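Engineer:
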Amino acid sequence: VRFGREYLHGALHAAGISLKKMQKVARGRDEVKRAAYWHQINSCALDPSWLLFADETAMDGRTIRRKHGWGAVGQRVSVIEVMHRGKMISVLAFFTTEGFVSWRYVVGAYNSELFLEHITSLINAVMEPYPSPNSILVLDNCQIHHAREAELLAVMAKVTRPWRTDVGALLIFLAPYCCIDNSDEYGFSVFKACWRRNGDKLKGMRLDRALEWCFYYCYAENRVRQNAASGPAATYRHCGYCAGGQHQGPVYSS
């Protein structure tokens, strides 16, 4: 028996089946390891403010280019630009419930040596001894994060402040391929959206000043009302980090 395309389309539609874009799921994702990560977070972090996320993002000339524009219905919106990537930089930033608090950058890509050098300076400047706000550093499973893990743990063990008698902060790694649990990933999305919106202004600044401006102002409108739907604290809640220590990771859509 042969059926036409119209018949098959109608039958599938009647059965509640539609054509969808397939979701790509990383083979290396492990829900057992992810559950262990969230158990560790609930055991250590009584409040989201104790958690500090660190990650890198790459940027080049394409980052500043806007992808959407307003135009008449039925007509294309065109923009004339030079079609090359430009200079690539890599940015390492610390993200907290208050937003981005400190950052470093390099031209090109990070390697394990540069990563250790820059994250050590950020740890000494920002982190507090455990338990207190900004006392738990969360990293993803990038290879350069593990390459100098022993040295990084040694740096974390020496975290102190003159007014504190306790010493040492905690280091926790995310479960593999679980970027949905990484607040810094969502923070960088807000940062890059701000960079695109203000591209004309940023072009006239030195790179370090442009980065500083964008890191501050990408969340600045919500600094006063931290419970706003689009503030840094809301980014933490979106990733499952809740006050009272009842943290629970978001469910991957199926």
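With the numbering used here, letter number 223 in the sequence shown gets 1521, and the count goes up by one each step, no holes.
Each residue gets a CB set at the ideal place from its N, CA and C atoms; glycine is no exception.
Remember, predicted model here, so these are calculated numbers, not experimental data.
1) With distance defined between alpha-carbon atoms, name the residue in D1345, R1327, V1330 nearest to Q1544.
2) By the 10 Å Cβ neighbour count, where 16 or more other Cβ atoms means buried, how is L1367 classified, buried or exposed?
3) Taking all protein chains shown into account, do 16 or more other C-beta atoms lie within 10 angstroms of the C-beta of S1487, making it buried, or fewer, making it exposed?
4) One question on the structure: do Y1408 and E1483 come within less than 7 Å of each other, judged by their Cβ atoms?
5) Tell me where the alpha helix (DSSP H) around V1465 begins and ends.
6) Is the number of C-beta pairs between the segment 1328 to 1341 and the segment 1413 to 1421 that are closer than 8 Å three or more?
7) Consult DSSP for W1401 and reduce its assignment to one of helix, strand or coil.
8) Just to confirm my understanding: we take M1454, look at its own chain, exclude 5 residues before and 5 after, and list those with CB closer than 6 Å. What are they?
9) Under three-state DSSP, which class holds L1350?
10) Please name the residue in D1358, D1438, R1459 whose C-alpha comes closest to that of R1494.
11) Taking 7 Å as the cut-off, decide whether the C-beta atoms of F1489 and L1437 are in contact.
12) Please list, in chain order, all residues of the same chain as I1442 whose beta carbon is under 8 Å from its beta carbon, the five residues on each side excluded.
13) Evaluate contact between the segment 1424 to 1440 and the segment 1387 to 1406, counting only Cβ atoms and requiring at least three cross-stretch pairs below 8 Å.
14) Is DSSP giving F1471 helix, strand or coil here?
15) Can you list, in chain order, the residues of its chain with a C-beta nearer than 8 Å to that of C1537? Leave out the 5 residues immediately preceding and following it.
16) Out of Y1475, C1476, P1431, L1451, which has the shortest C-alpha to C-alpha gap to R1459?
17) Could you tell me how far apart the beta carbons of F1392 and A1352 are, in whole angstroms, since I believe they sit closer than 8 Å?
18) Got a sec, what are the start and stop residues for the beta strand (DSSP E) F1393 sits in?
19) What separation, rounded to the nearest whole angstrom, lies between the Cα atoms of A1448 and G1326?
20) Would the beta-carbon of W1336 fall within 7 Å of that of S1433?
21) How many Å lie between H1307 and M1320 at the Cα?
Structural biologist: In short:
1) Per the C-alpha coordinates, the member of D1345, R1327, V1330 positioned closest to Q1544 is D1345.
2) At residue 1367 the sequence reads Gly, which differs from the Leu that was named. Answer is exposed; the Cβ neighbour count stays below 16.
3) S1487 is exposed by the Cβ-count criterion.
4) For Y1408 and E1483, no; Cβs fall outside 7 Å.
5) Where V1465 is concerned, there is no enclosing alpha helix (DSSP H), because DSSP gives it neither an H nor an E.
6) Fewer than three beta-carbon pairs drawn from the segment 1328 to 1341 and the segment 1413 to 1421 are found closer than 8 Å, and the two stretches are therefore not classed as touching.
7) When secondary structure is reduced to three states using DSSP, W1401 falls in the strand class.
8) Excluding sequence neighbours, M1454 sits near A1467, L1469.
9) It is a strand residue.
10) Distances from the alpha-carbon of R1494 to those of D1358, D1438, R1459 put D1358 closest.
11) In this structure, F1489 keeps its C-beta atom at 7 Å or more from the C-beta atom of L1437.
12) Around I1442: Y1408, N1409, S1410, F1413.
13) The segment 1387 to 1406 and the segment 1424 to 1440 touch, with three or more beta-carbon pairs separated by less than 8 Å.
14) Correct three-state label for F1471: strand.
15) Correct list, in chain order: I1478, D1479, N1480, S1481, Y1484, G1547, P1548.
16) Of the candidates Y1475, C1476, P1431, L1451, the one whose C-alpha sits nearest the C-alpha of R1459 is P1431.
17) Correct: roughly 5 Å between the Cβ atoms.
18) Start and end: 1387 to 1394.
19) C-alpha separation (whole angstroms): 24 Å.
20) When the beta-carbon positions are compared, W1336 and S1433 stay at least 7 Å from each other.
21) M1320 has its alpha-carbon roughly 19 Å from the corresponding atom of H1307.
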